[in-house]
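>
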């Protein structure tokens, strides 16, 4: 414990700010710590707001309560933490030369100046305002502040709101889709990019998720920008206009992203990065050694690429808070970087990602190998097993794991966290299957699915398995390529659901060795089954029998994303 | 793909054997592969048997079916894998000089000899027979083979069986406790060691679990050996006799452990280790370079200590199968070792461990630091959050993480797998909180509880937090030590549940700074709250105010394992 009489000012009272203030106090009982917050609500769990709107959380006040029900307000910070909170107070400017911040009390208009020895910027982010005509209409919301959450909650529980359009199918947009649908609204999601959750998922996994979300009576429109929101004569939003059509909306929610709130930092002459965040070093020091910054107002380093990125996350903000406090108090600690990990509940699907998607990995210049594995989270014989689709991305030469994506009913977040831990340590695809993960039938298969997916990658890299991705097959179809599309499932499975294409030929795996003469040896063969475990087996059988151009299709029927080609009986 | 005409014999057809055979085939279509299995049921999921007995799994046959419902029998292996299975066949001996195995068909008594180029020993384990009089009585079962599972299932569904005694509170014993209780039996578990799951948990975590299991109407008797099982005049077990009393039993289940089945290997002169398993090198080669071994018949290296251990696990057996096949086919691969990871469902509690327990770590010579953290798996404001108790073990000097234990209703297995992954890479306690784990309210707190538990450890190691464990406090009580036991919860919490001891003094955290004069400065103070987050806060406040002998009690009320001292209103 240090006993240094040091004055620390923290600007921002939501996540990183209070975290750093509390940690500072625990490290140094003599420090003079002040948190300055523009709003009146401190230290609230902003990530909980969608669940407050959905009604999952009944009492929204709990978002800024401690676990034992004490509100984290100025009194709490004074009595428990001995931290001064100036709420309802705006910082006008930072005087770096004299180490002062100039403040104004929003209510009274009173001005003041407060000196600091060390300053912590926890100014967070701010929502990007969409350049859309009609954005200022009534009933057009964004989810930013607890006041927004309450306004949306009031609107959707009023009884008069039946339809919603959500502009932007990113993380918050998708969480809000579930929240509003749970309130009985018909929701349409409009995403400018080709699929939802574009920062999290590659196309196959996004389409797997999209199929499910549509089954929940949600409309998803992708690859389309909103051009205008039309209102009625009371100034209420009524219709959302896109190039692909018009969508009625009793409320509109815009969610097109967040950027760093760096206005104070910029005015003070601190260095701002190319992604728009404050530049900090590994110790979270800004370009001024007396000023630290963390949370959504800074850029982070992505561990895998070493490149900078802006990825606002409450978890990162909390980590930053502790690291900044430690560094201010002389316990030197580095913050290495992030992995871009994100998890999101989408109705009863659990969706997650860590590291790089295939697209991100290609953009970063990696020679990418992927595996796409539909599986169950626990063994098929155990009654609670649930399906999911898992994708791994790796670098061919170094064999390093680059990322994991997963979606489905099953326990996906465990695999996200395992992969995140592996990525943190620079794991190769050979490490993942060697880890002694927990195995018991209620929780996992004997070879965990993350390990299995890594084994598929290893087989591909080592040349013992040859595969094509569904997207590559789709391209072949679009190009009119000829090949045998060998379905090795049972006749019953085929009858139930099949791909409708004249290239498809059914030869069940159990009789494949006996029916080799039915297959041409001069034509490309692409094998598949339900999940392509038998497809892989078929590929090795055919190759073993001297067929020279055989591949299996990653993920089989389960991962085939083009619903329109599927026939169900 | 290799095309080598090589003869491989695999002895054992349960887990590791079929896995290696299947992998061998995929790597080499020309290999001549034979699996020899004493029984008639192949490739079955033995770990599923408790759930077959409980009724969770209705159709026990699914345990040896593929996910699409095809039985993994000799026909399946012939048709799909092109692998010969000699079932109902016993290997009499291995002739290493001539590279032959001598077999006998159990049904016909016919003898034969089969040559090999490479031999794989997958002979598994065998249950240890307890040295207890009465062990051969009727209605005394062990769970080993699917036939045992069916016999137990028949017994417990007959309607006449009301009480069960389980001898041995290890993994299988605890899984069977749930299984039999679910069938309506009153179960008594008798464990020789001081607490249940002695290989998995330290005392505090085991007692936390014991409290819960007892709440499920199960009797747990520990520190007591069974001396005899008494039968009636029909030869049926009726009473289990211990030094601590007699327990009526309509059925008795013995579960005192497993040892390697190394009889064939020993006869053949292969090296056997001090833990009773076949000695293999990193490539899973035995002392004969033409003979490989894996699964429950070998000893493994524990990654953290580098020492050998016998830890039979289906997951390890499956990993071995792949590694052995790769090595036989010239894809050199090491199997580094295990972490002793185990997870087990106990009614609605999820229990798990990876790495070393505190006891194991002390035995291995580490200077141990621990943290004991009651927490919820997701934020308190999110409705599905569930409690758990987490314990971390680390080495003081190297700061290396050594192990994690966890038990509770919450999502514990995710944290086990994260810790296992971290341990695999030799993580320190400083790594764990730096990992970008997935955060969203349905899944985790912003600082994941595993990271939080690591932060507690770091605070202790860095001297910014001072704590005592519940066991240490118990020892002080037993020694009659004087100290102030400072409960800093609210008066309401205190009224609801409290520790009944005259050392206890209530001063809620929110007023602690105002009531310092009530506390003596010359006496040891041990602070606590519900989970000791406020306890820690109180410790730092008092230390900040110049109190010199203050510690917080790890885990607070939630982790206090001595129920007899607790008063509930």
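Chains as they are written, first to last, in the numbering used here: chain L, 1 to 569; chain S, 1001 to 1569.
Glycine included, C-beta positions come from ideal geometry on N, C-alpha and C.
Here the structure is a predicted model, which means the values were calculated and not measured.
Relative to the C-alpha of residue 972 of chain S, which residue among S/1034, S/1340, S/1540 is closest?
This structure does not reach residue 972 of chain S, given that chain S is present from 1001 up to 1569, and the question cannot be answered.
> Taking the alpha helix (DSSP H) that residue 172 of chain L belongs to, which residues open and close that run?
Start and end: 171-182.
> Using only the alpha-carbon positions, how far apart do residue 1558 of chain S and residue 345 of chain L sit?
In a straight line, the C-alpha of residue 1558 of chain S is about 29 Å away from that of residue 345 of chain L.
> Report the rounded CA-to-CA distance for residue 1075 of chain S versus residue 1264 of chain S, giving the unit in angstroms.
Rounded to the nearest angstrom, the two C-alpha atoms are 27 Å apart.
> If you draw a straight line from the C-alpha of residue 461 of chain L to the C-alpha of residue 417 of chain L, how long is it?
Spanning the two alpha carbons is a distance of roughly 24 Å.
> Give the DSSP-derived three-state secondary structure of residue 1216 of chain S in the structure shown.
Note: residue 1216 of chain S maps to coil in three-state DSSP.
> Measure the C-alpha to C-alpha separation of residue 1550 of chain S and residue 1456 of chain S and round it to an integer number of angstroms.
Spanning the two alpha carbons is a distance of roughly 16 Å.
> With a threshold of 8 Å between beta-carbons, can residue 1490 of chain S be considered close to chain L, or not?
True, the Cβ-Cβ gap to chain L drops below 8 Å.
> So, residue 1510 of chain S versus residue 1535 of chain S, is the Cβ gap smaller than 8 Å?
Not closer than 8 Å, so no.
> Taking CB distances under 8 Å as the criterion, tell me whether residue 571 of chain L reaches chain S.
Chain L is shown only over 1 to 569; residue 571 of chain L falls outside these bounds and no answer can be derived.
> Which residues mark the beginning and the end of the beta strand (DSSP E) in which residue 1452 of chain S is found?
Unbroken run through residue 1452 of chain S is the alpha helix (DSSP H), 1449-1461; no beta strand (DSSP E).
> Taking the continuous beta strand (DSSP E) assigned at residue 1010 of chain S, which residues delimit it?
That run of the beta strand (DSSP E) goes 1007-1011.
> According to DSSP, what are the bridge partners of residue 1392 of chain S?
Paired residue(s): S/1371, S/1404.
> For residue 1284 of chain S, name the three-state secondary structure that DSSP assigns.
Three-state result, residue 1284 of chain S: coil.
> Can the beta-carbon of residue 256 of chain L be found less than 8 Å from the beta-carbon of residue 222 of chain L?
No; because the gap between Cβ atoms is not below 8 Å, this pair is not in contact.
> Please report whether the beta-carbon of residue 27 of chain L lies at a distance below 8 Å from any beta-carbon of chain S.
With 8 Å as the cut-off, residue 27 of chain L counts as an interface residue toward chain S.
> Going along the chain, which residues of its own chain have a beta-carbon closer than 7 Å to the beta-carbon of residue 446 of chain L, five neighbours each way excluded?
Same-chain partners within the cutoff: 439.
> Counting along the chain, where does the beta strand (DSSP E) carrying residue 105 of chain L start and finish?
Unbroken beta strand (DSSP E) run through residue 105 of chain L: 100-105.
> Return the bridge partner residues of residue 1068 of chain S from the DSSP annotation.
According to DSSP, which records beta bridges pairwise, residue 1068 of chain S is partnered with nothing at all.
> To which residues of the same chain is residue 542 of chain L closer than 6 Å at the C-beta, ignoring the five residues directly before and after it?
These residues qualify, in order along the chain: 550.
> Counting along the chain, where does the beta strand (DSSP E) carrying residue 227 of chain L start and finish?
It spans 226-231 - the beta strand (DSSP E) in which residue 227 of chain L sits, taken as one unbroken run.
> What residues match up with residue 425 of chain L in a beta bridge as DSSP calls it?
The partner list for residue 425 of chain L (beta bridge, DSSP) is empty, contrary to what the question assumes.
> Mind checking which residues open and close the alpha helix (DSSP H) that includes residue 473 of chain L?
Residue 473 of chain L -> alpha helix (DSSP H) spans 470-478.
> By Cβ distance, which residues of its chain are closer than 6 Å to residue 1364 of chain S, with the 5 residues on each side in sequence left out?
1305.
> Following the continuous alpha helix (DSSP H) through residue 535 of chain L, name the residue where it begins and the one where it ends.
Run containing residue 535 of chain L: 533-544, per the alpha helix (DSSP H) assignment.
> Output the boundary residues of the alpha helix (DSSP H) element that contains residue 1054 of chain S.
Counting along the chain, the alpha helix (DSSP H) containing residue 1054 of chain S begins and ends at 1049-1054.
> Kindly say whether residue 467 of chain L, judged by its beta-carbon, lies nearer than 8 Å to any beta-carbon of chain S.
No, residue 467 of chain L lies away from the interface with chain S (no Cβ there is under 8 Å from its Cβ).
> Is residue 1135 of chain S helix, strand or coil by DSSP?
Of the three classes helix, strand and coil, the one that applies to residue 1135 of chain S here is coil, per DSSP.
> Excluding the 5 residues preceding and the 5 following residue 1503 of chain S in the sequence, name in chain order all residues of the same chain whose CB lies nearer than 7 Å to its CB.
1483, 1484, 1485, listed in sequence order.
> Can you pull the chain S neighbours of residue 297 of chain L, defined as C-beta to C-beta under 9 Å?
Here the premise fails: no neighbours, minimum Cβ distance about 17 Å.
> So, for residue 311 of chain L: in the same chain, excluding its five sequence neighbours on each side, which residues have a beta-carbon less than 7 Å away from its beta-carbon?
Taken in chain order, the residues that qualify are 300, 338, 340.
> Please say whether residue 1122 of chain S and residue 1269 of chain S have beta carbons closer to each other than 8 Å?
Not a contact, by the Cβ cut-off of 8 Å.
> Using the three-state DSSP reduction, which class does residue 329 of chain L fall into: helix, strand or coil?
Reduced to three states, the DSSP call for residue 329 of chain L is coil.
> Alpha carbon to alpha carbon, how far is residue 1027 of chain S from residue 1330 of chain S? Give it in angstroms, no decimals.
Cα to Cα, residue 1330 of chain S sits roughly 10 Å from residue 1027 of chain S.
> Would you kindly work out how many angstroms separate the C-alpha atoms of residue 1533 of chain S and residue 253 of chain L, rounded to a whole number?
Those two C-alpha atoms are separated by around 38 Å.
> If I measure Cβ to Cβ from residue 1347 of chain S and keep anything under 8 Å in the same chain, skipping five residues before and after, which residues do I get?
The answer, listed in chain order, is 1178, 1181, 1212, 1213, 1216.
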